[in-house]
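Right, one structure below, let's go through it.
Residue numbers (full-length UniProt numbering): 1 to 428.
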């Protein structure tokens with residue numbers, strides 16, 4: 001299989017004490033060529049393992065820092081790989097003669113149309129900072145946190161593999177190894193190793209988003225991301241039935257006043273279908289004529305929700321300004337409250353790692369999180385026969401597919417629902 005990498009000649013040093021950096025292209029075991037990159041460095045500054053220039057405080061080549069040289073080498077490798085891809089797409093064979101005859105012209109043609117890269121965008125992290133800066137006003141804060149989490153995982157990967165990532169690193173071999181790293185080696189805050197499937201999928205999704213943004217802006221050559229599959233699994237998330245919501249709402253918390261705000265926010269979420277990032281922002285400013293009108297932070301879309309009956313009563317207790325509870329504290333309080341109220345039914349939870357199922361049983365209250373509000377709202381309204389289109393108008397789901405992921409109807413409930421629909425059907 002044809003390969004390309006950067007090399008130096010250990011035993012070829014010019015009078016200046018420097019040695020050229022070459023792009024070595026190996027077409028097969030008997031045919032290879034060295035393409036001079038135009039860069040010359042002192043031999044001791046070359047890192048053979050990462051194929052890059054070692055960090056240095058001085059200029060390493062033609063008044064360029066090591067970071068600039070590495071960035072330009074990365075750009076050259078990306079162009080070379082794009083050249084090979086375009087050659088194959090034209091049903092040409094990229095043998096040594098073809099590369100020698102055509103690569104220089106390919107570089108010249110692309111240089112004429114190339115967009116200059118800002119001088120502050122040198123490292124991959126520089127590009128991430130620029131990407132986040134341009135995105136943070138258009139996406140939710142949690143999404144920005146996810147982008148920063150990806151940077152952290154990529155740095156951990158570099159440290160683990162002893163490599164330096166650049167835009168030429170993102171091929172299918174990197175994808176497979178990075179996914180394995182996330183599944184089995186990434187250390188979580190609780191000290192455990194390995195992310196679950198949906199967490200891994202989120203990292204890959206965000207990486208693809210970042211790379212496509214850089215490609216569109218002309219900061220890196222086209223990359224084949226077709227093999228970067230976004231991994232997902234159906235989550236065994238629970239919901240609260242209407243009877244359970246009533247139980248929670250009526251539960252006597254006089255002996256536990258610290259849980260009252262948590263209880264009220266939970267019930268309010270089950271009645272409105274709002275994400276916690278929106279639920280926690282409800283104030284009198286958003287309510288007119290008993291209608292809550294609020295722009296959802298995650299999707300930047302307005303929703304309008306009628307404020308009547310129990311919803312009105314709960315909000316009135318707070319003068320229509322809900323208490324501020326950090327989401328982490330809210331989730332912890334939910335579990336404490338759920339245990340206190342007797343939600344200790346054992347639930348079997350299944351997760352997957354690289355196709356292997358991991359099963360365990362946990363009490364229901366352990367699964368209480370802020371997401372239970374939205375999931376309960378959608379499921380209960382669906383079971384009551386509310387038009388899914390109307391539910392989506394309130395929940396803010398853009399597509400039916402996204403909406404249906406929130407519907408949790410087990411086989412028994414499905415059978416009961418069908419029985420109701422078939423009740424009046426008679427053949428004679």
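Glycine included, each C-beta is placed from N, C-alpha and C at the ideal position.
Short Cβ contact (8 Å threshold) for residue i with residue j
i           : j           : result
residue 363 : residue 348 : no
residue 4   : residue 80  : yes
residue 314 : residue 268 : yes
residue 331 : residue 277 : no
residue 238 : residue 197 : no
residue 361 : residue 322 : no
residue 208 : residue 195 : no
residue 270 : residue 292 : no
residue 287 : residue 320 : yes
residue 266 : residue 334 : yes
residue 368 : residue 338 : yes
residue 93  : residue 125 : no
residue 52  : residue 70  : yes
residue 33  : residue 96  : yes
residue 305 : residue 245 : no
residue 407 : residue 386 : no
residue 457 : residue 218 : The displayed coordinates of the chain run from 1 to 428. Any statement about residue 457 would go beyond what the structure contains.
residue 390 : residue 336 : no
Residue environment, residue i, which counts as buried when at least 16 other CB atoms sit within 10 Å
i           : result
residue 55  : exposed
residue 307 : buried
residue 442 : Because the chain spans 1 through 428 in this model, residue 442 falls outside it and cannot be assessed.
residue 248 : buried
residue 350 : exposed
residue 257 : exposed
residue 210 : buried
residue 90  : exposed
residue 203 : buried
residue 100 : exposed
residue 421 : exposed
residue 109 : exposed
residue 12  : exposed
residue 19  : buried
residue 264 : buried
For residue i: DSSP bridge partner residues
i           : result
residue 347 : 362
residue 193 : 187
residue 19  : 41
residue 432 : Because the chain spans 1 through 428 in this model, residue 432 falls outside it and cannot be assessed.
residue 35  : 23
residue 270 : DSSP output for residue 270 lists no bridge partner at all.
residue 437 : Limits of the chain in this structure are 1 at one end and 428 at the other, which puts residue 437 out of reach.
residue 53  : 46
residue 288 : 291
residue 3   : 26
Whole-angstrom distance between residue j and residue i, CA atom to CA atom
i           : j           : result
residue 296 : residue 388 : 19 Å
residue 405 : residue 373 : 14 Å
residue 327 : residue 166 : 36 Å
residue 383 : residue 376 : 10 Å
residue 66  : residue 222 : 24 Å
residue 193 : residue 325 : 30 Å
residue 243 : residue 182 : 40 Å
residue 104 : residue 8   : 20 Å
residue 39  : residue 64  : 10 Å
residue 201 : residue 131 : 20 Å
residue 424 : residue 418 : 11 Å
residue 76  : residue 143 : 32 Å
residue 396 : residue 301 : 7 Å
residue 216 : residue 58  : 33 Å
residue 303 : residue 365 : 30 Å
residue 15  : residue 47  : 22 Å
residue 392 : residue 299 : 13 Å
residue 187 : residue 156 : 9 Å
residue 172 : residue 229 : 10 Å
Nearest-angstrom Cβ-Cβ length linking residue i and residue j, presumed shorter than 8 Å
i           : j           : result
residue 6   : residue 73  : 6 Å
residue 146 : residue 49  : Contact doesn't hold; Cβ gap of about 30 Å is too wide.
residue 185 : residue 149 : Between residue 149 and residue 185 the Cβ distance is about 15 Å, and since that is not below 8 Å, they are no contact.
residue 22  : residue 35  : 6 Å
residue 127 : residue 214 : 6 Å
residue 45  : residue 68  : Not confirmed; about 14 Å, so no contact.
residue 168 : residue 78  : 5 Å
residue 311 : residue 272 : 6 Å
Residue-chain proximity (residue i, chain D), Cβ-Cβ < 8 Å
i           : result
residue 339 : Here there is only one protein chain, and chain D is not present.
Near the ligand FMN: residue i beta-carbon under 7 Å from a heavy atom
i           : result
residue 204 : With respect to small molecules bound, the structure shown includes none, and the ligand FMN cannot be examined in it.
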